[in-house]
Amino acid sequence: MRSAPCFAVTLLAALAANAAYAHSATLILINGKIWTENPKQPEGQAIAIEGNRILEVGSSQAVRKLAGPDCKVIDLGGRRVVPGFNDSHVHFISGGDYLIGVHLDDVNSVDEFGRRIGDYARKLPQGVWIRNGNWDHQRWTPANLPTHQVIDSVTPDNPVFVWRSDGHMALANAAAMKLAGIDRNTKDVPGGEIVRDPQGNPTGVFKDEATSLVERVMPALPESELDAALEAAMQEAASHGVTSVQNLWDAPTDQYSALKFRELEKFARNGKLRVRVYNANPLRDWKALATAGVQAAFGSPVLRMGNLKSFADGALGSETAWMDAPFADKPGYSGLSSSDLSDSAGYYASIQGADKVGLQISVHAIGDRAIHTVLDIFERAEHENGPADRRFRIEHVQHLRPEDAGRFATLGVIASMQPYHAIDDGRWAEKELGPVRIQSSYAWRLLLDHHAVLAFGSDWPVAPLDPLLGIYAAATRRTLDGKNPGGWVPQQRITVAEAVHAYTVGSAYAEHQEQVKGSLEPGKLADLVVLTADIFNIPPADLDKARVYTTVFDGAVVYQQRAAQH
Ligand SMILES: [Zn+2]
Numbered sequence: 000m001r002s003a004p005c006f007a008v009t010l011l012a013a014l015a016a017n018a019a020y021a022h023s024a025t026l027i028l029i030n031g032k033i034w035t036e037n038p039k040q041p042e043g044q045a046i047a048i049e050g051n052r053i054l055e056v057g058s059s060q061a062v063r064k065l066a067g068p069d070c071k072v073i074d075l076g077g078r079r080v081v082p083g084f085n086d087s088h089v090h091f092i093s094g095g096d097y098l099i100g101v102h103l104d105d106v107n108s109v110d111e112f113g114r115r116i117g118d119y120a121r122k123l124p125q126g127v128w129i130r131n132g133n134w135d136h137q138r139w140t141p142a143n144l145p146t147h148q149v150i151d152s153v154t155p156d157n158p159v160f161v162w163r164s165d166g167h168m169a170l171a172n173a174a175a176m177k178l179a180g181i182d183r184n185t186k187d188v189p190g191g192e193i194v195r196d197p198q199g200n201p202t203g204v205f206k207d208e209a210t211s212l213v214e215r216v217m218p219a220l221p222e223s224e225l226d227a228a229l230e231a232a233m234q235e236a237a238s239h240g241v242t243s244v245q246n247l248w249d250a251p252t253d254q255y256s257a258l259k260f261r262e263l264e265k266f267a268r269n270g271k272l273r274v275r276v277y278n279a280n281p282l283r284d285w286k287a288l289a290t291a292g293v294q295a296a297f298g299s300p301v302l303r304m305g306n307l308k309s310f311a312d313g314a315l316g317s318e319t320a321w322m323d324a325p326f327a328d329k330p331g332y333s334g335l336s337s338s339d340l341s342d343s344a345g346y347y348a349s350i351q352g353a354d355k356v357g358l359q360i361s362v363h364a365i366g367d368r369a370i371h372t373v374l375d376i377f378e379r380a381e382h383e384n385g386p387a388d389r390r391f392r393i394e395h396v397q398h399l400r401p402e403d404a405g406r407f408a409t410l411g412v413i414a415s416m417q418p419y420h421a422i423d424d425g426r427w428a429e430k431e432l433g434p435v436r437i438q439s440s441y442a443w444r445l446l447l448d449h450h451a452v453l454a455f456g457s458d459w460p461v462a463p464l465d466p467l468l469g470i471y472a473a474a475t476r477r478t479l480d481g482k483n484p485g486g487w488v489p490q491q492r493i494t495v496a497e498a499v500h501a502y503t504v505g506s507a508y509a510e511h512q513e514q515v516k517g518s519l520e521p522g523k524l525a526d527l528v529v530l531t532a533d534i535f536n537i538p539p540a541d542l543d544k545a546r547v548y549t550t551v552f553d554g555a556v557v558y559q560q561r562a563a564q565h
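With numbering that gives the first Met the number 0 applied, the sequence shown corresponds to residues 0 to 565, in that order.
Dropping the structure here:
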């Protein structure tokens, strides 16, 4: 009997300690406007975080009471908060490598192109490759492709292989072609093109699969450059409020693909990864992953794998998208299917086999024929493998047969799209597609009206790693040249709220992670963004002036806008 009160006291103390533990927020943000993406509690004034998880969303008064002993308090001053952005399609280390390399994306003439590469080459040791670039000849007048002659005289000692911004063609200089053993006798590669002058000499431009002729002689990046590239990429992500990325395989060789993943693993292991990464392997890796027992979204909250990427076609800018009917400016030519599809039976067998063991499938498809063909393949695999929570994805979905829009919801296929491409390509797409096909290009409204799941991303470094710019593009469809102030194909615009949903919940769903992130609610990962403007209550045309004020990743501030930039 005597021990009973003692027991009761101990129990009460334990309960009190437990209660104290349950109410020990490490970071609270008060006096704001929290957009939660949680349908049960769409908005709040304040948010409490404990460690790397959200503890509570509610009024400032209620949330203040949850503060633990060393709690950091941020007064939002009325600012808007949204869940951390999740970019569903990036090439993360390539993007970082681009940031630390030669910049050609704002080059407006072929002369400037040569000058920019020459200036960069002068600072490099002899023999070092010049890569990346992100040029776009559609910015030049006339919009002719560059040739190796433009850069040979300024790059005699450095091989060059610089990419167009769409990632579907690249320019080599004479030094690079010499190392690769390429001359007028080199044969074309299936699924690609060696662009030639009227005499049959390579001009230096290689399209799609033909780029492998040069890439196979390029050395892999040294670890120091990989480190610098990943650091630069993480800084860029934090500055744009991007707390998760889905890294679609883009490495030219298996060796390089492994190097990039090992780099991510190294950062994850050392606790230095400041963005969550879902990594895709090339489809051809499926058997190795299946043998190891890997399934979709395997890994830790910062680094996961289990997605497989392949290609059905090329891109619109290079006229390598695979279309039902010929391009408007190229009678008789409807683009190219990819080399992955050249063995259609083998391709289907890989997709079916990978799906059967629970791996996730993402296929790049831009042209209407490519999209239709991939939907057919998915439909067949679903039929043969039976019901499963598989979440097939089509990447880009740019030029859609309107009658295919309904198949995304029916088949449970996620449309992983990049809104910025519409305001970029919208400058010239009609020239290639004609007036009818553009009506269902970048058809977000059409897809949402047919209940498709949209996951938004950038395709960085093809386009800027900036969700606010993507949201602006989705809500306005104002092309970059300013020629469509009311929107290019305006009926396909969506609302800011729909675009934010696609950049948060939609992307989380696309990587099987909607239970742990995408919305701000108790128990979910503490990734959020404070914005300089209330994007839901300003005219969409002003969205391009909104910036990220603060980024919180895993419960800690990883980016803060400096006062001078207010
Ligand atoms: Zn991509």
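All C-beta atoms, glycine included, are put in the ideal place defined by N, C-alpha and C. Being a predicted model, the structure only gives us computed values, none of them experimental.
Coil, strand or helix - residue i by DSSP
i              : result
isoleucine 150 : helix
alanine 311    : coil
arginine 546   : coil
lysine 265     : helix
asparagine 200 : coil
proline 82     : strand
valine 8       : Because valine 8 sits at a pLDDT of 48, beneath the cut-off of 50, its placement in the model cannot be relied upon, and the following sentence gives the value as read from the coordinates. Residue state, collapsed to three classes: helix.
leucine 26     : strand
isoleucine 92  : helix
lysine 32      : strand
isoleucine 370 : helix
arginine 303   : strand
serine 337     : coil
aspartate 207  : strand
alanine 496    : helix
arginine 215   : coil
leucine 464    : coil
valine 101     : coil
glycine 433    : helix
serine 440     : strand
glycine 469    : helix
histidine 511  : coil
Own chain, CB closer than 6 Å to residue i, minus 5 neighbours either side, in chain order
i                 : result
phenylalanine 391 : Ile360, Phe377 and Val412
asparagine 172    : His147, Ile150, Asp151, Thr154 and Val159
glutamate 36      : Pro82, Thr503, Val504 and Ser518
Continuous beta strand (DSSP E) stretch holding residue i: start and end
i              : result
glycine 67     : 66-74
proline 281    : 275-281
tyrosine 332   : Neither: tyrosine 332 is in no beta strand (DSSP E) and is coded neither H nor E.
tyrosine 558   : 555-559
leucine 530    : 527-530
leucine 272    : Unbroken run through leucine 272: none, as it is neither H nor E.
asparagine 133 : 132-134
glutamine 415  : The sequence shown places serine at residue 415, rather than the glutamine named in the question. Here the beta strand (DSSP E) through serine 415 covers 413-416.
arginine 115   : Looking at the DSSP string, arginine 115 is not in any beta strand (DSSP E); the run it does join, the alpha helix (DSSP H), is 109-121.
glutamine 359  : 359-364
methionine 168 : 168-171
arginine 63    : Premise fails: arginine 63 lies in the alpha helix (DSSP H), 59-63, not in any beta strand (DSSP E).
glutamate 192  : 191-195
glutamate 49   : 45-49
Bounding residues of the alpha helix (DSSP H) (the contiguous stretch that carries residue i)
i             : result
glycine 405   : 404-410
threonine 478 : Where threonine 478 is concerned, there is no enclosing alpha helix (DSSP H), given that its DSSP letter is neither H nor E.
glycine 352   : 343-355
valine 244    : Run containing valine 244: none in the alpha helix (DSSP H); it sits in the beta strand (DSSP E), 241-246.
leucine 447   : 443-448
histidine 395 : First-last for histidine 395: 392-395, but that is the beta strand (DSSP E), not the alpha helix (DSSP H).
Cβ shell of residue i (< 7 Å), same chain only, five flanking positions each side left out
i              : result
alanine 472    : Pro418, Tyr419, Ala421 and Ile422
isoleucine 566 : Since the first residue of the chain shown is 0 and the last is 565, residue 566 is not available in this structure.
isoleucine 393 : Val362, Ala364, Ile370, Val373, Val412, Ala414 and Ser415
glycine 113    : Val149, Ile150 and Val153
glutamate 431  : Leu315, Glu318, Phe326, Ala327 and Asp328
asparagine 463 : The amino acid occupying residue 463 in the given sequence is proline; asparagine does not appear at that position. Closer than 7 Å at the Cβ level, and outside the excluded window around proline 463, lie Tyr419 and Ser457.
glutamate 262  : Ile92, Leu225 and Leu229
Assumed close pair residue i, residue j - CB separation to whole angstroms, cut-off 8 Å
i              : j             : result
alanine 327    : serine 333    : That belief does not hold up - the Cβ atoms of alanine 327 and serine 333 are roughly 11 Å apart, past 8 Å.
asparagine 143 : glycine 100   : With a Cβ gap of about 24 Å, asparagine 143 and glycine 100 do not count as contacting.
alanine 606    : glutamine 512 : No statement about residue 606 is possible, as the shown extent of the chain runs from 0 to 565 and does not include it.
histidine 395  : aspartate 367 : The Cβ separation is near 12 Å, so there is no contact.
aspartate 187  : alanine 209   : 7 Å
Cβ shell of residue i (< 8 Å), same chain only, five flanking positions each side left out
i            : result
arginine 406 : Leu374, Glu378 and Val412
valine 547   : Ser238, His239, Gly240, Leu467, Val528, Val529, Leu530, Thr531, Tyr558 and Gln560
arginine 183 : Arg195, Gln198, Gly199, Asn200 and Pro201
Heavy atom of ligand 2 within 7 Å of residue i beta-carbon
i          : result
valine 412 : Looking at this structure, you won't find ligand 2 anywhere; what it does contain is ligand 1.
Contact with chain C by residue i, beta-carbon distance below 8 Å
i             : result
threonine 549 : Here chain C cannot be found, since the structure has a single protein chain.
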